[in-house]
Structures are given as C-alpha cells and as structure tokens.
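What follows is a set of notes on a single structure, which appears directly below.
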Amino acid sequence: MDLLSGTYIFAVLLACVVFQSGAQEKNYTIREEMPENVLIGDLWKDLNLSLIPDKSLTSPMKFKLVYKTGEVPLIRIEEDTGEIFTTGARIDREKLCSGILMDGQCFYEVEVAILPDEIFRLIKIRFLIEDINDNAPLFPTTVINISIPENSAINSRFALPAAVDPDIGINGVQNYHLIKGQNIFGLDVIETPEGDKMPQLIVQKELDREEKDTYVMKVKVEDGGFPQRSSTAILQVSVADTNDNHPVFKEEEIEVSIPENAPIGTSVTQLHATDADIGENARIHFYFSNLVSNVAKRLFHLNTTTGLITIKEPLDREESPNHKLLVLASDGGSMPARAMVLVNVTDVNDNVPSIDIRHIINPINGTIVLSENAPLNTKVALITVTDKDADHNGRVTCFTDHEVPFRLRPVFSNQFLLETAAYLDYESTKEYAIKLLAADAGTPPLNQSSMLLIKVKDENDNAPVFTQPFISLSVPENNFPGSQLTKISATDADSGRNAEINYLLDTDAPPEFSVDRRTGILTALKKLDRENQEKYFFTALAKDNGVPPLISNVTVFVTVLDQNDNSPLFTHNEYNFYVPENLPRHGTVGLITVTDPDYGENSAVTLSILDVNDDFTIDPQTGVIRPNISFDREKQESYTFYVKAEDGGRVSRSTTAKVTINVVDVNDNKPVFVVPPSNYSYELVLPSTNPGTVIFKVVAIDNDTGMNAELRYSIVGGNTKDLFTIDETTGNITLQEKCVATDLGLHKLIVKAEDLGQPDSLFNVVTVNLFVNESVTNATLIHELVRKSIETPVTQNIETADTSSPTSDYVKIVVAIVAGTITVVLVIFIAAVVRCRHSPHLKAAQKNKQNSEWATPNPENRQMIMMKKKKKKKKKHAPKNLLLNFVTIEETKADDADNDGNSVTLDLPIELEEQTMGRYNWGTTPTTFKPDSPDLARHYKSASPQPAFQIQPETPLNSKHHIIQELPLDNTFVACDSISKCSSSSSDPYSVSECSYPVTTFKTPVSVHTRPTDSRTSTIEICSEI
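Numbering of the sequence shown is given in the working numbering, commencing with residue 22 and proceeding in unit increments.
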C-alpha cells in the first residue's frame, strides 16, 4: 500500500514538473500504409493529463496540432479528447525515409499544443514508422545473362545479380529458387556480412560447350512478409572457355571522409585489384554492384579500368550523410572480387537557419489580429528555427530586434512560443511589426529574419440606450398605408462605427409595421383592421455597428381604435332548413346566426324579415325562425324569403340572406303489389328448368319518397320444400334445386314487401302460386287448385298430376266457368257496396282534416283518436282483410300536335292483406345539426325515381300511419321539434289519398286495354284488396 501511494505521489509530482516546464515528448509506433481514421493513441490518457492540478479554465481543454502552412499532416488529433487518428494522407516508409539506410529506423515528428493558456503545454510526438510488406523484390533486369567456363568443376559456384526489395527485415529478400534447372544447375543462397542474401548458381554436371553452349532457366526471388511477394527473371547461361584465377582487391573494406562542399571531380578513393592470370583473363573490369543505391550511383563515378572513384555531382550531407559503395572487380570470370567503400560526408556551414512560423491564432490575410482585451501570456504562434547543418553549425538562437509587448519563450531546443508579455491598448498602438532573427553558431555565423504582423482590434463595450423605457400609442383603424406613428430614439456612449446606431424591429414584430434604420421613425405599412387585431405588442431594437454589435430593446404597445367599417355577416349566404310537414304552428324552424366584427354599438345587430311575410316570424335578437302557418308538403314543398341584419352604428350597415324552408315527407303509405296482379294468379314452371333460373318477378310500389319508398322482398310463408328463393332488392324468384317427380304440382309462396321507412317501416304481403308441370292442359283445374290453396294453410302444398282424360277435363272446365262467373259477380257487388258506404266518410275526413289526428302531434290526442277508432271498429265488426280498393293510375301525356286525344287504361286488380301498423312516438325531439351543409331539397327529390303515372284512390284508406323520413345530421341546419300533419294539394301531381309522394316506377309488362276518352291522359286502374 505504501509503495502504491509513493508511486502515485511521484506521478503527481512528475506531472506538476512537466506542466511547469510546458514541454514534453511522446513516442508512438505505427505501421506504414495504415488506413484513414485509425486510432493511434490518446494524449489525455498517455500523458496522464488527469493528474494536472485543478485550475479554473476560461475555456475547455483543447488539443491543437501545430504544423507548417501548406503541409499535409499524416495524422490528426481530436481537439476535445486528444485522440490521435490517421488521415487520408498515405504513410509510405520508403518515401518518408528514402535517404536512410536499409537497416535504419524511420521517424515522423509533429507538435501538439494543449490549450488554454492556463494549462498550456507543447508536446512533441515522434512516430516510429514500422515497415510492412508492400513492395515485391525485383531483379535489376528481367533477363540475367551469365557466362560459365566449360571446364567448371561440379559444385562450382557462380554469383547471380541480387534482387532488391525496398522493405526491410523479414519483409526484405529471404530466398531464391531456380526453376527448370534441368538437373545441370542448382541454386544456393549465401548471406554477406552486411546481411544481404546473394544467389549463387551451382554446376551439378560437367559442361561441354561443344555439345550445348546456352541454357535458359528462371530464377524466382521471395520475401518473408505476409502476404508473401515474389518476382522472377530469365536466367540465360552461356558456356565459355576457362579462366581459373579470380581478381583480388588489395583492401576489401575502405572508409573515407569527404566534405560536402568538395567540387565535382574530386577523388574519393583509388581501388586496387590484381589477377594472377595473364592476357585477356587478367584484364580487370571495375563496376558498382546492383545493390548500390541510385543516389550513390548518381553522386559518384567509378572508372571501370583504373578503379578510381570520383565525385560526379555535388554532395549534400543534409540529404545523405553517408554512402555504401559495393565495387566488383571481374576479369571476365565467374567470381568477381568484392570491395566495400563507405563514404562519410562531413558537414560545412553552408545552410542558413530557417524560421518556421506556425500560428496558434489563425491569421487573416497573413496578419494576426488580437483583441485589445487579450489576457497576458496569450499564445500567438509557435516559432521553430532549424539549421540543416550539424553540430555547432546547426545550433540556432532566435530573438526579436526591438522592445515589443511580446516575448519568445523556449519550449524545446529549437522551438519558441511567441506570447503576449503586456496588455495591449488599441488607442496607443494599433499594430506591431515584429522582426524575428535566427543565427547559427558556425564560422562565420549565418542568420535569417522573418516579419510577423500583428494588428490590435478595437472592442465595442457600450450598448445603445433608449430614451424611453416603454412606448405606447393609439392609432385609428383604416389608416393610410405608410403613415408615420412615432419616432424611436437611442444613444450610444462609444465612438466611431461602434457609436453608429441602426434601428430595427425584432422577429416578434408583425408585418404591418416598419422602422427606418437611420431615423427610427415607426411607420404603419398596411391599413390596420381592429377586427383582425386590436392590440400589437412587439420589440424595437437599437444595434450599433461594433463587432460584435451590442443591442438594446424597448417594448412598443399599439392600440387600434374601432370604426364602423364592417357590415353584419351571416354564417351562410343562403340557409336551407328541413322541417317535417307535421311541425306545429309557432314551432321552431331553425336558428340564423349573424355576427359583426365591430365593437360596441357598431356590433349590435337586429334581424328582420324583408317584404311583408306573415307566414314566418324571426326573433330580432336570437334569430329563431317560427312558422305562423301549418305545413302541408302536398300544397307547398318549400318557402323562400330574405332576412335582413342591421347593426347599430351611427351610420348603420346591413346585409341580407336568403332563407329556404323545405317541407319533408313522412312515411304513411304501405307498399302495393303490382305483380302478381292477385292472389289467384299463377305461373307455370317447367320441371326441366335449371337451378338458378329466374322463374318469376314480384313487383311492388310505394307512394312515399326517399328511404320510405325503398322496398325489400322476402318469403315469409309457404315454400315448404325450399325450392325457391327471392332477391330482396329486385324481387326475382329463382329456382334453387332441380325439380323431381314429387315436386310436380302447385306451390304457394307468401311474399312480403317492406319499406325502409324510419323509425317504423310499413309492409304488405301477396300470394305467389307456382305450378310445376310440363304444360297447362286444363286452366280451369289449375284455377280451382289455386282457390283451394288460398283456403289451405300456407305450410301445405297442393300437388296434382295432370290428366288427359277428356271426360274429367270437360267436367273441370264446366265447374271452373261456373265458379269464375259467380266470383266475378260477387266481387263487383262487394266493390259497389264498399264504395257507397265509404264515400261520405272520406269527404268528412277531408273536411275535418285540421281537427283530426293530423292537426296536432300531441301523443295524448293521438291515443284518444286511436281509441275511438278501435271502439267504432268493434261496433261495426268489420273484417280486417275484406276492404277492396280500385285505384286508377293515370299517365298524363304531353300536350303536343301529334297527340290524337286517345288514352290507355290498365285495369290491374291487386289483392292485399291489411297489416296492423305500430304507432309513432309523437314526442318532440329537438336536434342540432351541423352548418355548412348542402341543400338537400334536390337530393331528396332526385333520390326517388319520378313516376310515369299518377295514383288516385277511388276509396279512402281507413287509417294513416305517420312516419317521418330521417334526415342525415350533416345535411340540414336545424332539427324539427315536432311532427306535422300530412295534407294533400292539387299542386302535387303525384298524390295518393291525402298524402303525396313520388311513386317508384316498375318495368313489369302489363296488359293494356285501350278505350276512348276525352282528356289527354292514359288511365291505369289497379284493383287492390286491403
């Protein structure tokens, strides 16, 4: 525990010492060719910056990379975290350290400044660039020619040119292979004292130049990197005559020193080699090995005959301080002699110092701008002085030439920080031209100078002040655009541009106002409308021209005064109200809403009906419309008048709106069957009819309109074998299954037609007789079966087989004729009696219509009337289903020239069953409907098909059932507060009994009997039994 505490205290003290010195070095190792954004290190952790003593910092700690302008750095540093990453610049060791020997280390150096000034430190970072295997070894030529004497002994060795690999270590050349050696030659690799691997060709069999004088093979060289790289060259061996003595150097290793300013042609060294042979075999040829660098070959010249090495181009120690020259001496034999010449270039003071200015404060157009409020010790730039010379010739000092409020503080041996040494004052000195001088210690000394321009920036430290803390004004509405309202004024204690004031409105100001930037005059750009906005609150600003500018604000309050400039406004230009025809007198039709955007008396609105109209009244204050009449849709379907709204201004303004009141139908008519014409009709169905075939169509009509006339069909009785189905919409009866022998005979169906009236629907039923047989051989017999089926319960089907006996057919025909005659006479007699008895009652009902159940929607009156009717029915003991009505359908023709005055009459007897109908709830239910709804008068009129004929009953109905057709909530303005009576009017051409509704047309063919008539109408008579 004590050891750890001691270590921690030592680290803290070391951090304090390093922090006080302000300079530190850090080493990292990276590989070449690393991709972009690879994390190298973390200065915060690696330098233990968390151990820095706590100080109050003016700004957060930042790390800034200091590099020369125009230089592309190989690394970048995150300013906030100190993390070091690679950049997109390529890290190529062979390019960065091209002048370093193959076995030397390659470094890359940068500086990092740690800010702010309270904890400033300068870090020198050295990156050791590790080599990767990014270069393949290459032979000096793609074809290697070598000559071997034919008397070479087996296992004789001959040197081959070595391959060169810019990589080092294991990534350099590691091995050679001989390809297609033909078992005559082999290959061996020897390692030189310098660590180079040299390939040697070994003779494995005796050679005979006269037998074969040339051999062609391949040599492959490989490095040891991963992945491994290799290359090949063609080896061409020529067999030559014998030369058995090799040249020998007098000195195999020579080291010389030569100054870098030695002139061209200066002798470096003289090599000496001897050969024991004589003649051509003793002639020695000197040449550089292919392992000698291109730089050395460019700088030095080797005389191939004498072996003298001289300077070919000027030397530069700063570029390459030493050179290795491997010289080979050959007499034409297979093994040349080797000599290594090491040339050391000595330094002379031939380089002037250089001054590198790296700005910590970024310059603007080459000039550093400092605020006059800059604190002491503000770091301006990092000054680096360098000299390429060595030793004392490269030792440099840096200083300024005169007294300025700046100083150079050394941080490394050749680096200085330029920082402020005193407070700056713009008023006394606006700029400084600092001359930096750098001199080395050579003899004679060389020096260099550089200028650094620093400008002092003036500060804006006074904000404008308004003369008023709050601005309030009143403006009448409908002012002229561009009228001046008031003048805003402010002062500024600064001078120059810092005292120039511009006036403007803040972002909360409405577009109706503007202020002149120079004069401060506030203007209304648009005509103000109090009804749109009565009060305005916004902010006016005064901004000086300082950098940064200082701004003050003041609140402006504008009140807009009212004028009577708006007419009353209806919520709609036209109002459409829908009321039931039984709405009581003085009931509520609807409510008209009107507004006036003005204020006070200017907005007090009074409503009235234009043109003398005693049918309706309107409340002048609330706008409630009430009728003074009782509605009757059959007499009049709609009422139209105009309503006037007038305000109470000194000069009043008014507006009118159109009001249309539509009278809505009620559901008071039951469906009436047209096809089949009676319960005694029948339809022949062939047994061969396929399932799914429509065999009959039931047609019924309803004299109501809209949904009250929408019908739905269903089979409610009979159909014991489920052979038939009916479409609820079209009335089509379809055969459901294939007929079999047991299905032959008469089938009785009870079909119900029900409307969709709301809240209670009305319905009627009819008997459909379907005779399943191949043919109708005896119609009288079938009519008899139909008659019996009427008396038979609906669950039974009467089946009979068709007989072809002449005697039985004759008897049946006679019986049918007699029965039919009696039936016709009886029906005519009953019809005449019924019409005579009910005509007075019909007239009395029409005369006392206003006093009947239609005069009031009071539920109590309704119940009393119904009770009286029930008592009368009990006394009369009238049968429910024996009332027979003859209804005449008239089709009015157009009055044209082609009309010959004839008419067509259709007598359609229809037998109907009277059904008990439920009572309607006569209570008042007001409902509020949504405005902005379309006019539904046309909707309800177009929703029901227009009839092609008129239905006029000859006998009145014994009772009426009142149903109001429900209106959608979104298609009317107001609700109906009661249900009014249903009355008839001669103005409605489509009326039945006392109520008139459009009649649904049908397309079922009927028999037409033409008879002459004096009127231009065609009459259809329908006989119906209810």
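From the three backbone atoms N, C-alpha and C, an ideal C-beta is built for every residue, glycine too.
Inter-residue distance for G109 and A44 is about 28 Å (C-alpha atoms, whole angstroms).
Annotated as proximal: I169 and V224, with beta-carbon spacing under 9 Å.
Here N192 has D152, N154, D244 and G246 as same chain residues with Cβ atoms under 6 Å from its own Cβ, once five neighbours each way along the sequence are excluded. S493: member of the beta strand (DSSP E) spanning F491 to P497, first to last residue.
Taking the Cβ atoms as the reference, L329 lies roughly 6 Å from S288, within the contact range of under 8 Å. Rounded to the nearest angstrom, the Cβ distance from A460 to M472 is 16 Å, too far for a contact under 8 Å. Counting of Cβ neighbours within 10 angstroms places A774 among the buried residues, the total reaching 16 or more. Judged by pairs of C-beta atoms under 8 Å, the segment 666 to 680 does not touch the segment 647 to 657, as fewer than three such pairs exist. In this structure G608 does not touch Y596 by the C-beta definition: roughly 17 Å separates them, more than the 8 Å allowed.
Taking P431 as the centre and dropping the five residues before and after it, the same chain places the C-beta of F437 closer than 7 Å to its C-beta, in chain order. Pairing D565 with E622 gives a Cβ-Cβ distance that is not under 9 Å. Ranked by Cα distance from L181, the first of F160, I200 and V194 is F160. Assignment of L391 by DSSP, reduced to helix, strand and coil, places it in the strand class. Annotation: the continuous beta strand (DSSP E) that includes V364 extends over A358 to T367.
Here R416 carries a coil assignment [DSSP, helix/strand/coil].
Between D617 and P589, the C-beta gap is smaller than 9 Å, which places the two residues in contact. Secondary structure note for L525: it is in no alpha helix (DSSP H), and the uninterrupted beta strand (DSSP E) holding it is I522 to L526. Under the rule that a run must span 3 or more residues, the beta strand (DSSP E) segments found entirely inside the segment 61 to 96 read 83 to 87.
Distances from the CA of I332 to each of T326, H322 and E552 were compared; the closest alpha carbon is that of H322. If you draw a 10 Å sphere on the C-beta of A297, you find fewer than 16 other C-beta atoms in it, and that means exposed. DSSP places G621 in the helix class (H, G or I) of the three-state scheme. By the 16-neighbour rule on beta-carbons within 10 angstroms, S629 is exposed. Within the same chain, Cβ atoms closer than 7 Å to the Cβ of E552 are found at N587, P618 and D619, the five residues on either side in sequence being excluded. Beta-carbon to beta-carbon, I389 and L312 are separated by about 52 Å, too far to satisfy the 8 Å threshold. By the Cβ neighbour-count rule, F179 is buried, with 16 or more other Cβ atoms within 10 Å of its own. A buried status is given to H804, since no fewer than 16 other beta-carbon atoms sit within 10 Å of its beta-carbon. DSSP, read as helix, strand or coil, puts N302 in helix.
Annotated as proximal: P280 and T367, with beta-carbon spacing under 9 Å. Excluding sequence positions up to five before and after R338, its CB lies within less than 6 Å of the CB of E281, V366 and D368, all in the same chain and listed in chain order.
At the C-beta level, A254 and I165 come within 9 Å of one another.
Shown here for K226: same chain residues with a beta carbon closer than 8 Å to its own, the five before and five after excluded, namely I175, N204 and I205 in chain order. With respect to the 9 Å criterion, G103 and L143 are not classified as neighbours on the basis of their beta carbons.
Spatial neighbours of I716 in its own chain (CB-CB distance under 8 Å, excluding positions within 5 residues in sequence) are listed in chain order as E704, V706, T710, F745, I754, T755, L756 and L791.
Of the candidates K478, Q469 and H423, the residue whose Cα lies closest to the Cα of S449 is K478. Per DSSP, P692 has no beta-bridge partner at all. K508 is a Cβ neighbour of L543, given a cutoff of 9 Å.
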